[in-house]
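Chains as they are written, first to last, in the UniProt record's numbering: chain C, 1 to 246; chain Y, 1 to 464; chain S, 1 to 213.
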Amino acid sequence: MRVALFITCITDTLYPQTGRAVVALLRRLGCEVDFPERQTCCGQMHLNTGYRDEAVRLARRTKRVFGKSEIVVVPSGSCAAMIREHYPRLGAEMPRVVELTEFLVDVLGVTDVGAYFPHRVTYHPTCHSLRGLGLGGRPETLLRAVRGLELVPLPRADECCGFGGTFAVKNPAVSAAMCADKVGAVLDTGAEVLCAADNSCLTHLGGALRRQRTGVRVMHIAEILASTESGGAGRTAGLSTPEGAR
Amino acid sequence: MSGTFLGMPAFPVNAADAVQNSQLRHNLRRATHTIRDKRSRVVAEVPDWAELRSAAKAIKDAALRDLDRHLLRLEETVQAAGGHVHWARDAAEACRIVTDLVRATGETEVVKVKSMATQEIGLNEALADSGIHAYETDLAELIVQLGDDRPSHIVVPAIHRNRAEIREIFLRAMPDASPDLTDDPAALAEAARLHLRQRFLSSKVAISGANFAIAETGTLVVVESEGNGRMCLTLPETLISVVGIEKVLPTWRDLEVFLQLLPRSATGERMNPYTSTWTAATEGQTFHLVLLDNGRTDVLADEVGRQALRCIRCAACLNVCPVYERAGGHAYGSVYPGPIGAILTPQMRGMGTPLDDSLPYASTLCGACYDVCPVAIDIPEVLVHLRDRSSHPRAERAALRAAGWMLARPERLARAQRLAFRLRRLVPRRLPGPLSAWTDTRDLPDIPPESFRDWWKRTEGGTR
Amino acid sequence: MNARDTILRRIRAATADAPPAEAVSRGYRTAGGAVRHEPGEDDLIALFAHRVDDYHASVRRVPAGEAAQAVGAAARERGLTTLAVPPGLPEEWTSGLTAVRLLRDDPPLAPGELDRAGGVITGCAVAIAETGTIVLDAGPGQGRRALTLLPDYHLCVVPADRVVRGVPEAVALLDPRRPQTWISGPSATSDIELDRVEGVHGPRVLDVIILGN
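Below is the structure:
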């Protein structure tokens, strides 16, 4: 199957290892991966901060860039939700856009992607993947099939981490309070790795985990799913970097 | 603490204060989690919840679409049943109508059922200016009134108070409270019962709101728990009900939907203890209905924002909101706090003050509010819509414009990515200005030597 | 322009461009509609009794002919000496009350008298199984609204054939022109820490007798 990858601006700029992991994973599962190089950003930050006109421009150019793609895979629940929920209202409807774990489970019909990751992991379902896209148990199903991985449930998992894009800067006190509660829940699990399907929320949580020198690493789910016994993306992406790269 | 929301600073300032108050945070966390769990349990046992929700949305939308027709019908049916109907364009006009009606009875004291509409228009203060004392009879409203406090929740206005604080307020402000009063909730409820009993039996005038007004029949509905509502609606000779124009439901049958959704959403009960329905001059009473606009027609005029008028004031959105849980209700500077307040207040008051402009940003857009809303108000959608209309700080506008320019061309983005890596050592660990809000509690991510797009280009998609 | 005309004009201007209202689709379970419910809840009366009990109201089920004994037993347990009675209450229900003075609300009792009454006995118009609710509509044997409000004890006799499944059935049977009181358990509040406490201004004790089957 031929898929177009919408890498998202934040992963492109700050987390190229997530992007490389997505490519390795999709190829391992037999997909041919395109990366339309004219892509930039879905426009979510502009829309959610109150700059609709700029968001409309970015949405329409994203639609143009992926105009010929049969199916677009996005390794971000948040950006996928932006496209699915808001693009129709911005005059940029884009059919056949799926989040990575949706693509694996629903389109490829795979739950065991042949990964190996011998660590204690907890999963935070980010708001837009949980309530926006309705990913349900897909990510956990994929993680449970990873050999060596011990998945520990995160208490009050469905609560927002407090990132909210510019919310973190506009309402810092509340954002920090929410973040502190989420970090507390993560530490309660005793997990070595906090995993999510959104690098934006992981930037916020990872920044706090690192500031507090907790030793808990954050990883995008693609990096875990791409890891194999022979090393692969997982080794280069997450665990070789001390303190986690976020 | 004082009884007014006027002139309050913007939400982030208020919220930052509230976050520091550990007692408040403890009270709110405990209370909102209790109700959240109860609500989930009783909603889960209703197999057709989703269908009820979509019917409720459709009924409200239809009612709002032809609101003029339904209000005229309501006026006609109420008058036919012996009631009097008044119309009020704004808060001042509504207060004047009610004050004149009370004065005409010769009374200087009235009893009140908890009502959001009368809170919104500041009726108690207006009556006081005319020498009329309004006694709040709902337990939480009583706590707020005796504590010279402000409400912080739509259904449980004293949610920010715990039992020990309530006991102190009663001992201080309730002359008939026993000095041996404990902080057992049952004892506190008993004290309120004794305090108000004689007043209920002797009051001649009552003021209420209504949860629903049925156009077809002229019937009003009040949903309550304690029986204070029944006291006010039943015993006094004169009843004045102040009702927002969006409370109208076209038909009696529509209640079969809302009386299933409201109690389960509001207090997590299958049904609230008492619901009263009456049609105008019942059992010999004199009845006045005051229909209130006060900004509602402005909300109605906004294609996206008008869905906020579907609200039935259940407060389920407050109870699940992570921002409300930490900021508390007072931070919203309005009788309507929480997610629904963040979309209702700026629309009803009109934006322009720092507080009202900041309310649409008092959310992470996590979507928990939309999930629980029994009338399916897409609160995040309205928040985003209002953000577009709010005024933006100059620096933010410049930054977002610059980002838009950079993201309009992949070449510009790629250049910025490379530049960021080269300049990474110049980025301080603590950022200046508004961005310090980020680095106060979080580290910045490391900037990688090569972006994904550069890697793709260099390796031809990782094949080299 | 007066307030009424101004508001109506504002509404018409606000909705001028809106598409016409759509017909309301009632996809939920309507009165008499198909029921999806848990197994073991087939018996409406049992469900009603169970749901009333959840509100900490006491429930007893007796055969149709034993109303008098059941009412008498309830009165003895609660130590009642006076009981307010609405017009139209079946005489048989109170026929076993030998030690209790009946206060007939005809002509209407003064609020003070009602307040001092030990309790009140009524029937009901409809009872709702799913929510454990009894509805009074001021019909025979139910009385005016204040009657079941001021006394601190309410004994409600529910003939089994008045029990319906859910809210839609009740709404369909009830006449909106009559004043109604929907009662679900004793008066209660959740205003203190959102913890439910029974007993505030309305009757603090509610006993329900389900009559016949």
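Idealized CB from N, CA, C, for every residue including glycine.
Of the residues the options, which one's Cα is nearest the Cα of residue i?
{"i": "PRO159 of chain S", "options": "S:PRO168, S:THR181, S:GLY212, S:VAL171", "result": "S:GLY212"}
{"i": "LEU47 of chain C", "options": "Y:LEU423, Y:LEU239, Y:ALA403, Y:GLY341", "result": "Y:ALA403"}
{"i": "GLY43 of chain C", "options": "C:LEU58, C:LEU5, C:VAL73", "result": "C:LEU58"}
{"i": "GLU246 of chain Y", "options": "Y:GLN307, Y:THR238, Y:ASN124", "result": "Y:GLN307"}
{"i": "VAL223 of chain Y", "options": "Y:ILE312, Y:VAL19, Y:LEU359, Y:ILE59", "result": "Y:ILE312"}
{"i": "ALA57 of chain S", "options": "S:PHE48, S:ALA3, S:LEU102, S:ALA13", "result": "S:PHE48"}
{"i": "PRO176 of chain S", "options": "Y:GLY7, Y:HIS133, Y:ALA395, Y:ALA213", "result": "Y:ALA213"}
{"i": "TRP278 of chain Y", "options": "S:VAL71, S:ARG144, S:ARG162", "result": "S:ARG144"}
{"i": "ARG193 of chain Y", "options": "Y:ARG36, Y:PRO175, Y:THR137, Y:ALA164", "result": "Y:THR137"}
{"i": "GLY94 of chain Y", "options": "Y:PRO380, Y:HIS288, Y:TRP405", "result": "A small correction: the amino acid at residue 94 of chain Y is Ala; Gly does not occupy that position in the sequence shown. Ranking the options by Cα distance to ALA94 of chain Y, first place goes to Y:HIS288."}
{"i": "GLY350 of chain Y", "options": "Y:SER363, Y:HIS84, Y:GLY305, Y:PRO393", "result": "Y:GLY305"}
{"i": "ARG96 of chain Y", "options": "Y:ALA215, Y:LEU123, Y:VAL110", "result": "Y:LEU123"}
Are residue i and residue j close, meaning C-beta to C-beta below 8 Å?
{"i": "SER129 of chain C", "j": "ASP181 of chain C", "result": "no"}
{"i": "LEU300 of chain Y", "j": "LEU64 of chain Y", "result": "yes"}
{"i": "VAL216 of chain C", "j": "LEU194 of chain C", "result": "yes"}
{"i": "ALA117 of chain S", "j": "ALA74 of chain S", "result": "no"}
{"i": "ILE159 of chain Y", "j": "LEU28 of chain Y", "result": "yes"}
{"i": "PRO360 of chain Y", "j": "ALA376 of chain Y", "result": "no"}
{"i": "VAL74 of chain C", "j": "THR8 of chain C", "result": "yes"}
{"i": "CYS317 of chain Y", "j": "CYS369 of chain Y", "result": "yes"}
{"i": "LEU147 of chain S", "j": "LEU114 of chain S", "result": "yes"}
Is it buried or exposed, residue i, if we count other Cβ atoms within 10 angstroms and call 16 or more buried?
{"i": "VAL427 of chain Y", "result": "exposed"}
{"i": "THR13 of chain C", "result": "buried"}
{"i": "PRO273 of chain Y", "result": "buried"}
{"i": "THR108 of chain Y", "result": "exposed"}
{"i": "ASN21 of chain Y", "result": "exposed"}
{"i": "SER241 of chain Y", "result": "buried"}
{"i": "SER391 of chain Y", "result": "exposed"}
{"i": "HIS26 of chain Y", "result": "exposed"}
{"i": "residue 465 of chain Y", "result": "Residue 465 of chain Y is absent from the model: chain Y starts at 1 and stops at 464."}
{"i": "ASN211 of chain Y", "result": "buried"}
{"i": "GLY40 of chain S", "result": "Residue confidence for GLY40 of chain S is low, a pLDDT of 46 falling below 50, so the modelled location carries little weight; the figure read from the coordinates is stated next. Exposed: under 16 other Cβ atoms inside 10 Å."}
Could you tell me whether the Cβ of residue i comes closer than 8 Å to any Cβ of chain Y?
{"i": "GLU229 of chain C", "result": "no"}
{"i": "THR11 of chain C", "result": "yes"}
{"i": "ASP207 of chain S", "result": "no"}
{"i": "GLN180 of chain S", "result": "yes"}
{"i": "PRO151 of chain S", "result": "no"}
{"i": "PRO111 of chain S", "result": "yes"}
{"i": "THR122 of chain S", "result": "no"}
{"i": "LEU211 of chain S", "result": "no"}
{"i": "LEU194 of chain S", "result": "yes"}
{"i": "LEU26 of chain C", "result": "no"}
{"i": "ILE7 of chain C", "result": "yes"}
{"i": "PRO172 of chain C", "result": "yes"}
{"i": "GLU93 of chain C", "result": "no"}
{"i": "THR189 of chain S", "result": "yes"}
{"i": "CYS79 of chain C", "result": "no"}
Please decide whether residue i counts as near chain S, where near means a Cβ-Cβ distance under 8 Å.
{"i": "MET348 of chain Y", "result": "no"}
{"i": "THR238 of chain Y", "result": "no"}
{"i": "GLU256 of chain Y", "result": "yes"}
{"i": "ARG39 of chain Y", "result": "no"}
{"i": "LEU181 of chain Y", "result": "no"}
{"i": "VAL156 of chain Y", "result": "yes"}
{"i": "MET271 of chain Y", "result": "yes"}
Contact criterion: CB-CB distance below 8 Å. Does residue i meet it with respect to chain C?
{"i": "TYR361 of chain Y", "result": "yes"}
{"i": "GLU224 of chain Y", "result": "no"}
{"i": "TRP456 of chain Y", "result": "yes"}
{"i": "HIS153 of chain Y", "result": "no"}
Could you tell me which chain D residues have their CB closer than 7 Å to the CB of residue i, listed as they occur along the chain?
{"i": "GLN260 of chain Y", "result": "Of the chains in the structure shown, none is chain D; the protein chains are C, Y and S."}
Given the structure, does residue i come close to the ligand SAH, in the sense that its CB is under 7 Å from one of the ligand's heavy atoms?
{"i": "GLU237 of chain Y", "result": "The ligand SAH is absent from the structure shown, which contains no ligand whatsoever."}
*asked:* Going residue by residue through the UniProt domain "LUD" (117-211) of chain S, where are the continuous alpha helix (DSSP H) segments of at least 4 residues, counting only ones entirely within it?
replied: 167-173
*asked:* Just to confirm the assignment: which complete beta strand (DSSP E) runs, minimum length 3, are found wholly within the UniProt domain "Cysteine-rich" (3-84) of chain C?
replied: 32-34, 72-74
*Only counting runs of 4 or more residues, tell me where the alpha helix (DSSP H) segments fall wholly within the region 11-55 of chain Y, in order along the chain.*
11-20, 22-44
*What beta strand (DSSP E) runs, 3 residues minimum, are completely inside the region 282-364 of chain Y?*
286-292
*Fully enclosed by the region 172-254 of chain Y, which alpha helix (DSSP H) runs are 4 residues long or longer?*
185-202, 228-234
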